Every structure is written in C-alpha cells, then in structure tokens.
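Single-structure report; data block below.
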Amino acid sequence: GLLGGLLLARDQPLPVPRLVELVWDDRDERTRPSSVHVGITRLRGWLEDAGLPVAVLRDGPGYRLRHGAAVEVDLDRLAAALRAYRGPVLADVTRLDRSDPLLLAADRLVRRRCLELADAAEAAGEPDRAVAALRTCVASDPYDEVAQARLVELLAAADRPAAALRHYESVRRQLHRELGVRPSPRLHRAGTSCRLAAPTMPPVGGRRRARGGAGSLG
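Numbers -14 to 203, taken from this note's numbering, label the letters of the sequence shown in order.
Now the structure itself:
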C-alpha cells in the first residue's frame, strides 16, 4: 500500500497524515505516525533486497519516491505496458480507499492509455493487439460507453463483426436492464455498423418448419 501510494503520487511528496489516510483507510483514526515510519523503513529494506532502482526519500513532513522511469507512447511500449493489466490499479490492496483522488487519477490514466493503444493498434493495422486491454478496461467499468464503443470498433476493424455485434448487444441489454437507457450515439453507430457487416444467419427453426410443412403436404 505504501509503495502503491507513493508511486501514484509520482515525484510529489505525500505527508504522513495523507499516507495514513490513503493506506490505512479502515483504521486511520487508530494509526499513529510511527506506524508510517516503520512501514517506510521496511519498504526501503524490501526495495533494496529486490534490487529495484527506487529510493524512498524523506521530504519535509512526508515521503516521496525517486526513480527514473521514462515511457514513450508508441504501440510496442503501450502494448508491453498494458500486457500485465488485470483491472483497477492496486485492486489487491484491500485497505486503500478506492475513492481517493490518487487512485481515481491512476485509473483514468490507465483508461487513457488503453484508448491510446486502441488508436495506435488500429492505425498500424493490428487492432487485435488492443482488444485484451480494452476488454479488461470495460470489465472494470461496464458503463464507460466510450471505451465500450471503442472495443466494438476494434473488433469490427479486426474482421470480427460477429464478435463485435455480440459485444454490442450485450452492452445494450445491460444498459437497458440496469439503467433503463439506450446506448450513446457513438456506441449505437458502432453497433449499427457491425450489424450491417456481420454475416446474416438464416433462421434454423424456420428451415425446420418449412421441411416439416412440405412433408405434411406430401
């Protein structure tokens, strides 16, 4: 939790009360500053043992991380960075307050990177490379209609119109059932496009009835 909070703050220092509020949300009123200092000491030891090029520095009334991580936004780097994406940031740290601005900002950043990956992959003619990340993104927030529409568009661009239509119909039904609303204009356009592109399947039951009717006439 401490490492995650400091990472989310990037190079900005987090005061000790802020760290208590963020990391010990379920018992912040009973957590003393000394607990934070002990946690920081243990975190420094863990980072050193792991050989990670990250230092935890005391900065005024709090702490911050120092590390050199430069990330360029291109298809290969985005795809590699999002390959390990499994859902909301720090979701396995149960004590963190999910409504905290740091976590909300981190989730918004991941969402933006997923959409950037979708654009880069489609521009490179490799839309399939972004499908998995977009699926995880919409699973975390099924009512994000921009991301949902982008996933439908990606599946269609990957020559998978049937899969695109199935996903669109699933989202449309969920919106109607749980919120009582229709899809947004962009999501509706994406669904309409893939419906036109999807192969039309003949009604199997209709064929059976036709055969049965012919037999009875004979």
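Backbone N, C-alpha and C define an ideal beta-carbon position, used for all residues, glycine too.
Owing to the predicted nature of the structure, the values given are computational and were not obtained by experimental measurement.
What do you reckon, are the CB atoms on residue i and residue j nearer than 7 Å?
i	j	result
residue 41	residue 18	no
residue 158	residue 134	no
residue 93	residue 106	no
residue 174	residue 150	no
residue 91	residue -7	yes
residue 23	residue 4	no
residue 32	residue 39	yes
residue 166	residue 153	no
residue 75	residue -11	yes
residue 112	residue 142	yes
Can you tell me which of the three DSSP states residue i falls into?
i	result
residue 201	Unreliable placement is indicated for residue 201, whose pLDDT of 35 sits below 50; the coordinate value is still reported in the next sentence. Note: residue 201 maps to helix in three-state DSSP.
residue -2	coil
residue 143	coil
residue 177	helix
residue 121	helix
residue 155	helix
residue -11	helix
residue 212	Outside the displayed span of the chain (-14 to 203) sits residue 212, for which this structure offers no information.
residue 163	helix
residue 168	coil
residue 109	coil
residue 136	helix
What whole-angstrom Cβ distance do residue i and residue j have, given they're in contact under 8 Å?
i	j	result
residue 140	residue 148	5 Å
residue -1	residue 47	5 Å
residue -4	residue 49	6 Å
residue 156	residue 168	7 Å
residue 80	residue 34	Not confirmed; about 23 Å, so no contact.
residue 132	residue 96	7 Å
Counting Cβ pairs closer than 8 Å, one from the stretch 111 to 120 and one from the stretch 78 to 87, do we hit at least three? no
At least three beta-carbon pairs within less than 8 Å, the stretch 99 to 119 to the stretch 71 to 78: no
Complete runs of the alpha helix (DSSP H) confined to the stretch 19 to 76 [at least 4 residues]: 60 to 67
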